[in-house]
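What follows is one structure encoded as structure tokens, with my remarks underneath.
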Ligand SMILES: Cc1cc2nc3c(=O)[nH]c(=O)nc-3n(C[C@H](O)[C@H](O)[C@H](O)COP(=O)(O)OP(=O)(O)OC[C@H]3O[C@@H](n4cnc5c(N)ncnc54)[C@H](O)[C@@H]3O)c2cc1C
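Numbering (our numbering), first residue to last: -10 to 371.
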């Protein structure tokens, strides 16, 4: 750890790790094979008290740091199940930070009583990295907004009760930075229809699907934040969940490293243990170095966010580094297992597949390079 965990953080880590080992490890392979998640899993996670702990913001609650600690532990067992359980933690917290009055009270009590899955729908077929190309429209009505358009990739949609939809409140095609707004939409709203789930080569267990919106009515109270602030909110709010995605990458890389250590102890080559070969030891040491660096960058970003500082640059650095790190570690691990690492006889093959999403979800690597560069010009370099 870059700095010592507080007693609360240690307890969180132990609870998350024990849940991961007892509930996730046993089902991870089957969930991956069947592309499905048992419906009771989220209830069990709710029963640990972890998701409700993160709902309310308090002074010094260290939300992002603590959520990253939990995400990493869950991801050590399975990145797909960790995404399924932790993405709603980030999104529900975001919703609560923007909802007001009775809507907020009702949402909070629903989240406290039982699991609430909220998805996030920004990406469209022609607007992934380029958010200002987004076409889903939100037209003002007498009571709120009417949403129409199609979102291409949203995680957990089939399990979700709510989806945060990013839509255009400005004229079609306008590329101004105040063109977008966020809306909280119940998934059973008239006019909302889920498309066919995408098959994915990694994170197979979670559902990534399109969603069609046809004249979906949303009351003004379900507009999250100020109209036209959607792009800025992507920067601020997603700095939190983006750091969480980086933490998922560290969990995956740690698992690959541990499998490599175990394999090096058991596998015999040229009459000796594989880990007697210097190259094997050095490659394992490199993994450890890069995992430690990724975690330190995540903690720097998380701490800055928790302190209310502008952490756009730090969270992009953490996500970019974790994305490259987890691909390097899992690819190296696959090679160190020889053919076994390619054939699916070990967990390493799944880890390579799961690692890939870290560099795509919540912004591809070049997007984060752009953010880092823009921040260097604006805030200066280190
Ligand atoms: C498993 C999974 C889960 C997802 N979950 C969600 C979700 O819950 N909600 C949601 O809204 N979206 C989700 N997405 C979508 C994801 O966020 C987008 O796919 C991602 O932002 C990239 O957008 P794109 O696919 O349109 O790629 P494009 O934007 O078309 O990118 C194409 C290529 O251009 C590169 N590129 C981008 N910008 C630059 C640049 N400035 N310079 C040079 N090259 C560049 C990219 O790296 C990529 O190689 C998910 C995707 C996956 C795979």
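Even glycine gets a Cβ: it sits at the ideal position worked out from N, Cα and C.
When DSSP assignments are scanned along the stretch 100 to 129, the uninterrupted stretches of beta strand (DSSP E) that are 3 or more residues long and fall wholly within it turn out to be 107 to 110, 126 to 129. In the three-state DSSP reduction, residue 211 falls in the helix class (H, G or I).
Taken in chain order, the complete beta strand (DSSP E) segments of 3 residues or longer contained in the stretch 157 to 197 are 169 to 175, 181 to 183. Across the structure, residue 249 and residue 267 are spaced so that their CA atoms are roughly 14 Å apart.
Each residue's CA atom was taken as its position, placing residue 166 and residue 12 some 44 Å apart.
For ligand 1, no non-hydrogen atom lies closer than 7 Å to the CB of residue 289. At a cut-off of 7 Å, the beta-carbon of residue 208 does not count as near ligand 1: no heavy atom of the ligand is closer than that. Straight-line measurement puts the Cα of residue 349 at about 22 Å from the Cα of residue 20. The beta carbons of residue 337 and residue 311 sit about 18 Å from each other, so the pair does not count as a contact at 8 Å. In the structure shown, residue 6 adopts helical secondary structure according to DSSP, grouped into three states. Considered as a whole, the stretch 293 to 326 harbours 301 to 325 as its complete alpha helix (DSSP H) runs of no fewer than 4 residues, in chain order.
If you ignore the 5 residues before and after residue 67, its C-beta comes within less than 6 Å of the C-beta of 13, 17, all in its own chain and listed in chain order.
Your pair residue 34 and residue 82 does not check out as a contact, with CB atoms roughly 15 Å apart and the cut at 8 Å.
Closer than 7 Å to some heavy atom of ligand 1: that describes the Cβ of residue 189. Taking a 10 Å sphere around the C-beta of residue 61, we find 16 or more other C-beta atoms and assign the residue as buried. Cβ contact annotation for residue 270 (same chain, cutoff 7 Å, sequence separation greater than five): 264, in chain order. Taking non-hydrogen atoms of ligand 1 into account, the C-beta of residue 349 is found less than 7 Å away from one of them. Shortest gap from the CB of residue 228 to any heavy atom of ligand 1: 7 Å or more. Rounded to the nearest angstrom, the gap between the Cα atoms of residue 26 and residue 76 is 15 Å. According to DSSP, residue 153 shares a beta bridge with 109, 173.
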